[in-house]
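The listed protein sequences correspond, in order, to chains A and B.
1 is the number of the first residue of the first sequence in the working numbering; add one for each residue after it.
400 is the number of the first residue of the second sequence in the working numbering; add one for each residue after it.
Number of protein chains: 2
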Amino acid sequence: MTDTPKRRSDSLTPADDSPSQPEKRARFEDVLANNATLKDDSAFISKSFCPENMHLVSVLSSDSRSNCLILHTRFEDSPDKDGIVILKKTPFPTDPKVLQQSKLVHKLLTSSDHSAESEVSLEPSNPTVTTFPCWEAKSILSNDVYHRLLVTAGLESLNEVDMTVIHPAEPHHFKRYTKSGRHVIQETPELYSSVIVPFLSKTPRDLSWVDNILTGKAERDRVLFTTDQIDDYGFTLVLDYRWNEKRIQEMHCLGIAHDPHLTCLRDLRSTHIPMLKRILVEGRRILSHKYSADAPTPGPIREDQIMAYFHYPPTFYRLHVHFIHVDAADDGGTRTGRAHLLDEVIRNLELDGSYYADRVLTIYLHDQSPMLEAVQQSYANSTSERIDSENVRSEDSAS
Amino acid sequence: MTDTPKRRSDSLTPADDSPSQPEKRARFEDVLANNATLKDDSAFISKSFCPENMHLVSVLSSDSRSNCLILHTRFEDSPDKDGIVILKKTPFPTDPKVLQQSKLVHKLLTSSDHSAESEVSLEPSNPTVTTFPCWEAKSILSNDVYHRLLVTAGLESLNEVDMTVIHPAEPHHFKRYTKSGRHVIQETPELYSSVIVPFLSKTPRDLSWVDNILTGKAERDRVLFTTDQIDDYGFTLVLDYRWNEKRIQEMHCLGIAHDPHLTCLRDLRSTHIPMLKRILVEGRRILSHKYSADAPTPGPIREDQIMAYFHYPPTFYRLHVHFIHVDAADDGGTRTGRAHLLDEVIRNLELDGSYYADRVLTIYLHDQSPMLEAVQQSYANSTSERIDSENVRSEDSAS
């Protein structure tokens, strides 16, 4: 019924294959969640990968913003095998009760409390709640009402670290987890037709998982809306497989166009404006209605809190619109140049029906991306052709 | 010589006043760095703000991606005063030597090492380096080569927490640190001329800090390039005050147009294309030259690693282009709809000289933003006008 494994292995990700992409993370979570068997030798695993046994070859990448560190390692017991270790600091809990249990705060007050009488009473079943661990904090600066400290002990229960070990790690693991840089490329219509389109048809991807959604063969319970299939300008609104419907700020839905000939932004013309307006207006209406204030969690979301955009280049080549919450955490997915607001796309097509056909588009391609390789090869070819023709000219003039 | 304090207090931030904006953070850092006096009563401060003395009123905001938590608190010794506590987990170090000293790994190897002979020798001056703290890690899942663990002890030296206390905290502090939501607004040219422009002229900001940069009165050592002042289409390239030139991925420079009549994207016409191309081409050339492979740190950066964009609405109303590294961490600053790539702006003006004059632009405004208030007031007025005129019509038809 579900085609998630196929989607995971087959979807095309030329635009962004950075390991920090949520999509990649979600896929790896899937591998673990779907297939994993919890082994009993927990103590053995914990011991094998402990710092005392771990040797560092290099730092593969790090992200100071999300507090993540990825290492190339070897372990004492198997010095000829490579490992990848991914460390990530866990987020703070946000439930006041959990913060109290974690010994970050002593009592829970209500906003109007100024006396001890109205404190939330401590759970009698937890008599140790008032025993606080040793607190060590260095005062860095203190100025007027502003005080900065560096806490070095006392918050251990909030400082768990999520650790993933890939061992033994193969070259393809290293490729995925090594920080790769982006290139800003100006994609002319000629580059698109002479390099990108041939590249895509040489490396076709199985998009049957999309058809399965559109025909109701898969993910029926995740489809929120679909127009009459006969209509070429129809679309289907489906929950993105990354979203579990738990937190509205993480909302992610896809509006997939039914017309199989529409692959990406480059295919859009003024004739598609009615379809695009329908996706935008209906998408916002359906989502704000489904996740309204009256509905149970995770809402509410208002229409003016919904961003709708295309990726260019897209992750897979069937025209689809992303719907997310405007207060979503920023990642590469909403970056200007990669994300094109549907509102703006419609206005651009109203201004010029061949805006996206004739247009130079600024795109980002990763070092590791096969698409970048194709683009750079075409640059090299055109340079050598130019040199050849210049040589011919200079030979002509010399003769 | 420097006008940072004035810029800090005067600059207009209608588009994004979220506390997680790097700009806001940098400003607060400035307050501390420029004016703070380190008090000797470090132990007293540390003790006053310890968890045992801290009571929680509410969680003001949290960011699971950047591992930040902001609390409304009161302290045992002053129960009638409010406090704001900002906790942030520190990023992992990335220097292999520091990782070794922090007891995350045992030995440092080179990539070709498969034997103990070629290990980087441990510093003899640090005999305790091989003593590892107690390691506790729970094996969550183990499947094939993938192993996931939750580390609960043993990495204490990597788990410092940065803690900022504002105490006593005033209402304006709460306004700044309370999570505020965004609204997606379609800014028509009429809304711009009838609401935004009057709003801006009613709340003028002192932009003398910009003039000081352009005339060489301030930040001379941070100006990278300036064109002849006589030229109306000139510009000045200056290091953004947030960037300390340490890490090239965090590069942030501003190209400020000399023409004081140019305030923002809305003012651009086809006559400005030569100036815009000059800013784009010269900006990329100068930066990639200054931070080249031959230059000392923090380079290198190639021209095709440089993103150039406008914000709309801008943070201050003098036309300026942001130059950043394409591999910069994503924050709200590069989000589509807020950031407009200079490459695309030039192409849009080439297509239609009044593209940005006649255009509906999708913008984001925060709950707390006075500009949003002005926009919503205008919506309310036009609705009541419409109702009034409808009443007149129905009275007419009834009479």
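From the three backbone atoms N, C-alpha and C, an ideal C-beta is built for every residue, glycine too.
As the structure is a prediction and not an experimental result, all values here were calculated from the model.
Practice item. May I ask you to list the residues that DSSP assigns as paired with residue 364 of chain A? Key: Answer is A:184, bridged to residue 364 of chain A.
**Study point:** Proximal residues to residue 623 of chain B (C-beta, below 8 Å), its chain only, five neighbours per side dropped
**Key:** If the five residues before and after residue 623 of chain B are omitted, its C-beta is found closer than 8 Å to the C-beta atoms of 636, 637, 638, 652, 685, 686 and 689, all from its own chain and listed in chain order.
Review point. Once you ignore the five residues that flank residue 752 of chain B on each side, which residues in its own chain have a CB closer than 6 Å to its CB?
Key: Contacts found: 668 and 669.
Exercise for review: Rank A:335, A:198, A:152 and A:209 by C-alpha distance to the C-alpha of residue 378 of chain A and give the top, closest one.
Suggested key: Cα-wise, what sits closest to residue 378 of chain A is A:198.
Review point. Along the stretch 558-571 of chain B, what residues have a CB closer than 9 Å to any CB found in chain A?
Key: Cβ contacts with chain A come from 558, 559, 560, 561, 562, 563, 564, 565, 566, 567, 568 and 569.
Review point. How about residue 61 of chain A and residue 177 of chain A: do their beta carbons lie closer than 9 Å?
Key: Yes, the Cβ-Cβ distance between residue 61 of chain A and residue 177 of chain A is below 9 Å.
Check your understanding: Taking the DSSP output, what are the residues bridged to residue 550 of chain B?
Key -> DSSP output for residue 550 of chain B lists A:161 and B:536 as bridge partner(s).
Check your understanding: Would you call the CB atoms of residue 142 of chain A and residue 444 of chain B closer than 9 Å?
Key -> Pairing residue 142 of chain A with residue 444 of chain B gives a Cβ-Cβ distance under 9 Å.
Check your understanding: Since residue 172 of chain A is in the beta strand (DSSP E), which residue starts that stretch and which ends it?
Key -> Boundaries for residue 172 of chain A: no beta strand (DSSP E) harbours it, while the alpha helix (DSSP H) harbouring it runs 171-177, taken from the DSSP string.
Check your understanding: Are at least three pairs of beta-carbons, each pair with one atom in the stretch 697-711 of chain B and one in the stretch 722-730 of chain B, less than 8 Å apart?
Key -> Taking a cut-off of 8 Å on C-beta distances, the stretch 697-711 of chain B touches the stretch 722-730 of chain B, as three or more cross pairs fall below it.
**Study point:** Own chain partners of residue 658 of chain B with C-beta closer than 6 Å, once the 5 adjacent residues on each side are dropped
**Key:** The answer, listed in chain order, is 631.
Practice item. Take every Cβ of the stretch 755-770 of chain B, pair it with every Cβ of the stretch 361-381 of chain A, and state whether three or more of those distances are shorter than 8 Å. Key: No, they do not touch.
Review point. Cβ of residue 729 of chain B within 9 Å of Cβ of residue 284 of chain A?
Key: Not in contact: residue 729 of chain B and residue 284 of chain A (Cβ atoms no closer than 9 Å).
Exercise for review: Check residue 146 of chain A in the structure and name its three-state DSSP category.
Suggested key: It is a strand residue.
Point to revise | Closer than 8 Å at the beta carbon, the chain B residues around residue 53 of chain A | key: Ordered by position in chain B, the residues that pass the 8 Å Cβ test against residue 53 of chain A are 505.
Check your understanding: Whose Cβ in chain B lies nearer than 7 Å to the Cβ of residue 327 of chain A?
Key -> Within 7 Å Cβ-Cβ: 580 and 581.
**Study point:** Same chain, Cβ closer than 7 Å to residue 277 of chain A, five either side skipped, listed in chain order
**Key:** So the list reads 346, once near-sequence residues are dropped.
Practice item. Grab me the residues of residue 159 of chain A's own chain with a C-beta within less than 7 Å of its C-beta, minus the 5 sequence neighbours each way, in chain order. Key: Answer for residue 159 of chain A: no residue qualifies.
Practice item. Please confirm if residue 132 of chain A has its CB atom under 9 Å from at least one CB of chain B. Key: Yes, because at least one Cβ of chain B sits closer than 9 Å to the Cβ of residue 132 of chain A.
Check your understanding: Quick one: which chain A residues come within Cβ less than 9 Å of residue 598 of chain B?
Key -> Here the premise fails: no neighbours, minimum Cβ distance about 19 Å.
Check your understanding: Measuring CB to CB, does residue 321 of chain A end up less than 9 Å from residue 280 of chain A?
Key -> Residue 321 of chain A is a Cβ neighbour of residue 280 of chain A, given a cutoff of 9 Å.
Review point. Tell me which same chain residues have a C-beta within less than 6 Å of the C-beta of residue 717 of chain B, skipping the five on either side of it?
Key: Around residue 717 of chain B: 606 and 609.
Point to revise | Exposed unless 16 or more other CB atoms sit within 10 angstroms - verdict on residue 139 of chain A | key: Residue environment analysis places residue 139 of chain A among the buried positions, since at least 16 neighbouring C-beta atoms fall within 10 angstroms of its C-beta.
Practice item. State yes or no: is the C-beta of residue 455 of chain B within less than 9 Å of the C-beta of residue 214 of chain A? Key: Against a cut-off of 9 Å, the Cβ pair of residue 214 of chain A and residue 455 of chain B comes out as no contact.
Review point. Residue 405 of chain A bridges to which residues according to DSSP?
Key: Chain A is shown only over 1 to 399; residue 405 of chain A falls outside these bounds and no answer can be derived.
Review point. Can you round the beta-carbon distance between residue 92 of chain A and residue 468 of chain B to whole angstroms, since I take them to be within the 8 Å contact cut?
Key: Indeed they touch by this definition, with Cβ atoms about 4 Å apart.
Practice item. Answer yes if the stretch 143-153 of chain A comes into contact with the stretch 546-554 of chain B, meaning at least three C-beta pairs across the two stretches below 8 Å, and no otherwise. Key: Fewer than three Cβ pairs drawn from the stretch 546-554 of chain B and the stretch 143-153 of chain A lie within less than 8 Å of each other, which leaves the two stretches out of contact.
Point to revise | Selection from A:133, A:86, A:78 and A:83 that minimises the alpha carbon distance to residue 103 of chain A | key: The residue with the shortest Cα to Cα distance from residue 103 of chain A is A:133.
Check your understanding: Using a Cβ-Cβ distance under 9 Å, would residue 438 of chain B count as near chain A?
Key -> Low per-residue confidence applies at residue 438 of chain B: pLDDT is 44, beneath 50, and the placement is therefore not dependable enough to give any value.
Check your understanding: Does any C-beta atom of chain B lie closer than 9 Å to the C-beta of residue 388 of chain A?
Key -> It does not: the Cβ of residue 388 of chain A has no partner Cβ on chain B nearer than 9 Å.
Exercise for review: Measure the C-alpha to C-alpha separation of residue 380 of chain A and residue 697 of chain B and round it to an integer number of angstroms.
Suggested key: CA-to-CA, the gap between residue 380 of chain A and residue 697 of chain B works out to about 30 Å.
**Study point:** Residue nearest to residue 712 of chain B in terms of C-alpha spacing, selected from B:547, B:442, B:663 and B:480
**Key:** Ranking B:547, B:442, B:663 and B:480 by Cα distance to residue 712 of chain B puts B:663 first.
Check your understanding: What does residue 738 of chain B touch in chain A if you count any residue whose Cβ is under 9 Å from its own?
Key -> Against chain A, the beta carbon of residue 738 of chain B has neighbours under 9 Å at 335, 336 and 337, listed in chain order.
Exercise for review: Report all residues from its chain with a CB closer than 6 Å to the CB of residue 519 of chain B; omit the five preceding and five following residues, and keep chain order.
Suggested key: Because the pLDDT at residue 519 of chain B is just 49, under 50, the model does not fix this residue reliably, and the value given afterwards should be weighed accordingly. 507.
Check your understanding: Ordered along the chain, which non-local residues of its own chain (more than five positions away) have a Cβ less than 6 Å from that of residue 656 of chain B?
Key -> Non-local beta-carbon contacts of residue 656 of chain B in its own chain, meaning distances under 6 Å to residues more than five positions away in sequence, involve 634 and 718 in chain order.
**Study point:** For residue 321 of chain A, three-class secondary structure by DSSP
**Key:** The DSSP-derived three-state label of residue 321 of chain A is strand.
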